[in-house]
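These notes are about the structure you will find just below.
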Amino acid sequence: MTANERQGRSGLPSVDLVLRSEEAGALIGRYGRSLVVDAVRTALAERRRCGVAASAVAILEQSAQSLARDMRMSQRRVFNLTGTVLHTNLGRAPLPEEAITAAVAAMRDPTTLEYNIETGKRGERDDHIAGWLTRLTGAEAALTVNNNAGALLLALNTLAEARETIVSRGELIEIGGSFRLPDIMARAGTRLREVGTTNRTHLADFAAAIGPQTGLILKAHTSNFAIQGFTAAAPAVKLAALAREHAIPFIEDLGSGTLVDFERWGLPHEPTVAETLAQGADLVTFSGDKLLGGPQAGLVVGRAELVRRLARNPLKRALRLDKIRLAALEAVLRLYADPARLAERLPALRLLTRPVDGIKALGMGLLPVVEQRFQDIAEVSLVETKSQIGSGALPVSVLPSAALALRPLRQRSGAAVEALARALRGLPIPVIGRIEAGRVLLDLRCLEDEVAFLEQLDAVTLGKHGAAILAKP
Ligand SMILES: *Cc1c(COP(=O)(O)O)cnc(C)c1O
Numbered sequence: 036m037t038a039n040e041r042q043g044r045s046g047l048p049s050v051d052l053v054l055r056s057e058e059a060g061a062l063i064g065r066y067g068r069s070l071v072v073d074a075v076r077t078a079l080a081e082r083r084r085c086g087v088a089a090s091a092v093a094i095l096e097q098s099a100q101s102l103a104r105d106m107r108m109s110q111r112r113v114f115n116l117t118g119t120v121l122h123t124n125l126g127r128a129p130l131p132e133e134a135i136t137a138a139v140a141a142m143r144d145p146t147t148l149e150y151n152i153e154t155g156k157r158g159e160r161d162d163h164i165a166g167w168l169t170r171l172t173g174a175e176a177a178l179t180v181n182n183n184a185g186a187l188l189l190a191l192n193t194l195a196e197a198r199e200t201i202v203s204r205g206e207l208i209e210i211g212g213s214f215r216l217p218d219i220m221a222r223a224g225t226r227l228r229e230v231g232t233t234n235r236t237h238l239a240d241f242a243a244a245i246g247p248q249t250g251l252i253l254k255a256h257t258s259n260f261a262i263q264g265f266t267a268a269a270p271a272v273k274l275a276a277l278a279r280e281h282a283i284p285f286i287e288d289l290g291s292g293t294l295v296d297f298e299r300w301g302l303p304h305e306p307t308v309a310e311t312l313a314q315g316a317d318l319v320t321f322s323g324d325k326l327l328g329g330p331q332a333g334l335v336v337g338r339a340e341l342v343r344r345l346a347r348n349p350l351k352r353a354l355r356l357d358k359i360r361l362a363a364l365e366a367v368l369r370l371y372a373d374p375a376r377l378a379e380r381l382p383a384l385r386l387l388t389r390p391v392d393g394i395k396a397l398g399m400g401l402l403p404v405v406e407q408r409f410q411d412i413a414e415v416s417l418v419e420t421k422s423q424i425g426s427g428a429l430p431v432s433v434l435p436s437a438a439l440a441l442r443p444l445r446q447r448s449g450a451a452v453e454a455l456a457r458a459l460r461g462l463p464i465p466v467i468g469r470i471e472a473g474r475v476l477l478d479l480r481c482l483e484d485e486v487a488f489l490e491q492l493d494a495v496t497l498g499k500h501g502a503a504i505l506a507k508p
């Protein structure tokens, strides 16, 4: 039988013939037989439907391509050059090596997650971090859950179910996506009692709202906006005293929440958890993956009696942290014991405090190389820009930074800029920038691996219509 005969009347090879080559063997070694057979069948069916002939080599190549596409990890590493350091959509804080090592070790083997080595009896998973959190914040007790939204849900449900939660109208926040304070309250089973106005709320407004129905008073950090002008808010110290007078818990949702004073590194002041507790909050809730620089988590610190009540709520079980994130969180909290070296060791803080001169110097070094790579595609320049902290921390403050600005050469349309941004996103390690004034801006504050960044830029080329596209691999 000749190869031609084997190809049959359709001009296509049989599955067997395609699988017989050495290259097919390598593909099977990589993906397993059944996936490769499926891919080959699909490729053959496609050609048959279109009525086009193809060689075994061509079919195998098409199969290899579709397998590579289908088997690629969906969640992938990216370069965050958006200028937003703690970008919620890009996974917020990058973790320090210490946390990665701890998380990997916890993944691999059984651990003392809920086991007390001394007594040989059941332990408490939050004990691994409670010691650190109380030490770093001055709180009596601490507890962890899945995220800050979960922390708030748990606190509201435990302390104010079927009763009222008093909140200022100026603090009924939406954090973005699916976090709106009134919705969380409804789900927690507490009734929202709004007081004051959008711009001004006074202590007397809270005092007038307190009654037999009151479950708690909540103060929420206005994370992602600032009201300016004719404004007034009831000071936390006064609210705490008022709550104490009526034996009602007073909770502050700090959002980002930091354990150290950022002024130390020349950043604007953000209220620390310790300060907030010192001003009288009974409980403070905050995120693990915002300014804290750790894994996704919701942290609750404050009075021991209240923390105990939260821990006993069945919702705690539904919201609890796994051993992997607890290990990473413990490793991050340990770094805070040595604040002098924190900015070197905690990536989130390292990026936030990166000096603008260093970022500019990085840009100067990259500029000629990037210019050369994009010579037919875009005009490249180094521009001053402002990075944001992100995740709703310090909404109005911005960090001076530098960016590579790429302006499409052949076309000046919005579509050309979009095409360029899309090509950059299509790279093996997607480069995520932002579009501003007809240019793609690549803020260099969060670029630390410039070798990997430069290495892949060759893949961007000029398409038929003058727009940037990705070269075929
Ligand atoms: C970010 C934020 C939240 C939500 O925290 P997650 O950890 O994302 O669940 C809640 N409240 C405030 C004020 C925030 O800034």
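Whatever position you read off the sequence shown (first residue = 1), add 35 for my numbering. A virtual CB, placed ideally from N, CA and C, is assigned to each residue, including glycine. None of these values were measured; they are calculated from a predicted model.
- Distance between Gln-248 and Leu-274, taken at the CA atoms: about 18 Å.
- Excluding sequence positions up to five before and after Gly-501, its CB lies within less than 7 Å of the CB of Arg-445, Gln-446, all in the same chain and listed in chain order.
- For Ser-291, the secondary structure class from DSSP, reduced to helix, strand or coil, is coil.
- Remark: the shortest separation between the CB of Ser-203 and any heavy atom of ligand 1 does not fall under 7 Å.
- Taking C-beta atoms as the reference points, Gly-231 and Ala-271 fail to come closer than 8 Å.
- Distances taken from the Cβ of Ser-426 to the heavy atoms of ligand 1 include one shorter than 7 Å.
- Taking Arg-215 as the centre and dropping the five residues before and after it, the same chain places the C-beta of Glu-209 closer than 6 Å to its C-beta, in chain order.
- Gln-423 counts as buried, since at least 16 other C-beta atoms from the protein chains shown sit within 10 angstroms of its C-beta.
- Scanning Lys-351, Arg-157, Gly-64, Leu-79 for the CA closest to the CA of Asp-51 turns up Leu-79.
- In the DSSP assignment, Asp-484 falls outside any beta strand (DSSP E), carrying neither H nor E.
- With fewer than 16 other CB atoms across the displayed protein chains lying within 10 angstroms of its CB, Cys-85 is exposed.
- Scanning the stretch 165-253 from its first residue to its last, the whole beta strand (DSSP E) runs of 3-plus residues come out as 176-180, 199-203, 209-211, 226-230.
- The Cβ atoms of Gly-292 and Leu-251 lie no closer than 8 Å to each other.
- Annotation: Lys-421 to Arg-347 spans about 45 Å, alpha carbon to alpha carbon.
- With contact defined as three or more Cβ pairs closer than 8 Å, the stretch 316-325 and the stretch 174-192 are in contact.
- For Glu-471, there is no enclosing alpha helix (DSSP H); the residue is found in the beta strand (DSSP E) stretching over 469-471.
- In this structure, Arg-111 sits away from Pro-374, with a CB-CB distance that is not shorter than 8 Å.
- Looking only at Ile-467, Ala-456, Arg-474, Ala-506, the smallest Cα-Cα distance to Gly-118 is reached by Ile-467.
- Counting of Cβ neighbours within 10 angstroms places Arg-157 among the exposed residues, the total staying below 16.
- Annotation for His-256: Asp-288, Leu-289, Gly-290 place their beta carbon closer than 7 Å to its own, counting only its chain and skipping 5 residues before and after.
- Within the model, the alpha-carbon separation for Arg-344 versus Arg-338 is close to 10 Å.
- Residues Leu-79, Arg-82, Arg-83, Ala-88, Ala-89, Ile-94 of the same chain have their beta carbon placed closer than 8 Å to that of Leu-47, with the five preceding and five following residues left out of the count.
- Assignment of beta-bridge partners to Ile-504 by DSSP yields Thr-496.
- A distance of 8 Å or more separates the beta carbons of Trp-300 and Ala-383.
- Excluding five sequence positions before and after His-122, the CB atoms of its chain that fall closer than 6 Å to its own CB belong to Asn-115, Gly-425, given in chain order.
- For a cut-off of 8 Å, the C-beta gap from Leu-356 to Leu-188 is around 15 Å, too long to register as a contact.
- Counted as a single uninterrupted DSSP element, the stretch harbouring Glu-132 is not any beta strand (DSSP E) but the alpha helix (DSSP H) occupying residues 132-143.
- Secondary-structure assignment with DSSP links Thr-147 through no beta bridge to anything.
- Within the model, the alpha-carbon separation for Val-367 versus Gln-100 is close to 41 Å.
- With a threshold of 7 Å, the Cβ atom of Lys-358 does not count as near ligand 1, since no heavy atom of the ligand is closer than that.
- Around the CB of Asn-192, 16 or more other CB atoms lie within 10 Å, so the residue is classed as buried.
- Under the DSSP assignment, Leu-312 falls outside any beta strand (DSSP E), being part of the alpha helix (DSSP H) whose first and last residues are 308-313.
- Here the alpha carbon of Leu-497 sits roughly 11 Å from the alpha carbon of Ala-451.
- Boundaries of the beta strand (DSSP E) around Gly-337: 333-337.
- When only Cα atoms are considered, Pro-463 and Arg-376 end up about 34 Å apart.
- Per DSSP, the continuous beta strand (DSSP E) segment holding Lys-421 begins and ends at 413-422.
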